[in-house]
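Residue numbers (the numbering used here): 20 to 306.
Glycine included, each C-beta is placed from N, C-alpha and C at the ideal position.
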């Protein structure tokens, strides 16, 4: 498996890539103390076809726009779902939207998790913190086409139990007999009875054949570096380890240069890359 297996599909999008279409908030759900999930319905189109791993630019009228990964089900193009952490003025405004409010959406943009190319392999999904959101569409696809894959493993870590996303969904996935779900936190209180430690400490518990495994990894860059290192030490080839990168994206079409990462642009060439392509770049501080 090589970099050419990354999917950069031509999917339905606005007539002009810089022109947002209007979407109405159907539901807002609080995930954690600083993170919410918005479910949107289209006003100007019939929906939006997207691939697992792609992102949209979400626009709050009068404030600005930010890139947010799509966290919903690719099989439901008439509903867009985005999980957003409030860290700046635009993301804070997005988390303050209520049912009935209208926002602008540009997209979808970027490359995708190679879920079709991974058919026949064991698949290991490793997520840290809000990194589970960009992986969620891939998990939906893997579960909906469960018979096309070997062992399926989800390893998820967060700082504390109150920082875990999609807790009820994690419980449902963990209750299945055809997927291994392991969850850990860095710091736990008296009410936590699960694993404690960084997400890479879960790898020895995971059941997969490293020579026949594809890995999808998303989280803080330092977590992804150590996750890729641990996966390779286990025997997974670097070209079969895929990461979703995050940079300050402005235009989403490779014109402004804000998201340049060495010789590539995250918005246009990513956000999903195989580790072999970006391994050297990840070692350079503040690239």
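Residues in the same chain with beta-carbon distance under 8 Å from residue i, minus the five sequence neighbours each way, listed in chain order, please.
i, result
"residue 307", "The requested residue 307 does not occur in the structure, where the chain is confined to residues 20 to 306."
"residue 178", "148, 204, 205 and 206"
"residue 19", "A question about residue 19 goes unanswered here, because the residues of the chain that appear run from 20 up to 306."
Over what stretch of residues does the beta strand (DSSP E) that includes residue i continue unbroken?
i, result
"residue 99", "99-104"
"residue 237", "232-237"
"residue 74", "74-79"
"residue 60", "54-61"
"residue 260", "260-263"
"residue 145", "141-147"
"residue 121", "121-128"
"residue 341", "With the chain covering 20 to 306 only, the question about residue 341 has no answer from this structure."
Check this for me: beta carbons of residue i and residue j, under 8 Å apart or not?
i, j, result
"residue 124", "residue 56", "no"
"residue 118", "residue 47", "yes"
"residue 131", "residue 233", "no"
"residue 96", "residue 160", "no"
"residue 39", "residue 78", "yes"
"residue 308", "residue 93", "Here the chain covers residues 20 to 306 and nothing more, so residue 308 does not appear."
"residue 278", "residue 266", "yes"
"residue 282", "residue 253", "no"
So which of the options has the shortest CA-CA distance to residue i?
i, options, result
"residue 280", "65, 303 and 261", "303"
"residue 151", "293, 88 and 96", "88"
"residue 156", "74, 286 and 241", "74"
"residue 240", "299, 191, 273 and 76", "299"
"residue 91", "67, 106 and 275", "67"
"residue 301", "246, 120, 105 and 191", "246"
"residue 167", "252, 136 and 270", "136"
"residue 270", "42, 50, 54 and 83", "83"
"residue 165", "148, 138 and 205", "138"
"residue 295", "258, 158, 210 and 188", "258"
"residue 98", "134, 133 and 43", "43"
Please go through the same chain and pick out, in chain order, the residues whose beta-carbon is closer than 6 Å to the beta-carbon of residue i, but skip the five residues on each side of it.
i, result
"residue 227", "141, 143, 170 and 172"
"residue 216", "203"
"residue 256", "none"
"residue 36", "272"
"residue 193", "200"
"residue 197", "165"
"residue 287", "273"
"residue 105", "53, 111 and 114"
"residue 250", "234 and 260"
"residue 65", "none"
Quick check: is the beta carbon of residue i nearer than 8 Å to any beta carbon in chain B?
i, result
"residue 236", "The structure shown contains no chain B; it is built from a single protein chain."
Taking DSSP as the reference, what is the three-state secondary structure of residue i?
i, result
"residue 240", "helix"
"residue 135", "coil"
"residue 163", "helix"
"residue 188", "helix"
"residue 246", "helix"
"residue 69", "coil"
"residue 291", "strand"
"residue 302", "helix"
"residue 178", "coil"
"residue 83", "strand"
"residue 41", "strand"
"residue 283", "strand"
"residue 51", "strand"
"residue 255", "coil"
"residue 158", "helix"
"residue 297", "helix"
"residue 46", "strand"
"residue 16", "Shown here, the chain extends from 20 to 306; a query on residue 16 therefore has no answer."
"residue 173", "strand"
Is any non-hydrogen atom of the ligand NAD found closer than 7 Å to the C-beta of residue i, if you look at the structure I gave you?
i, result
"residue 284", "Inclusion of the ligand NAD in the displayed structure is not the case, the ligand content being empty and no account of it being possible."
If you follow the alpha helix (DSSP H) that residue i is part of, which residue opens it and which one closes it?
i, result
"residue 113", "108-114"
Between which residues of its own chain and residue i is the CB-CB distance below 7 Å, once the five residues before and five after are set aside?
i, result
"residue 52", "181"
"residue 45", "58, 59, 60 and 118"
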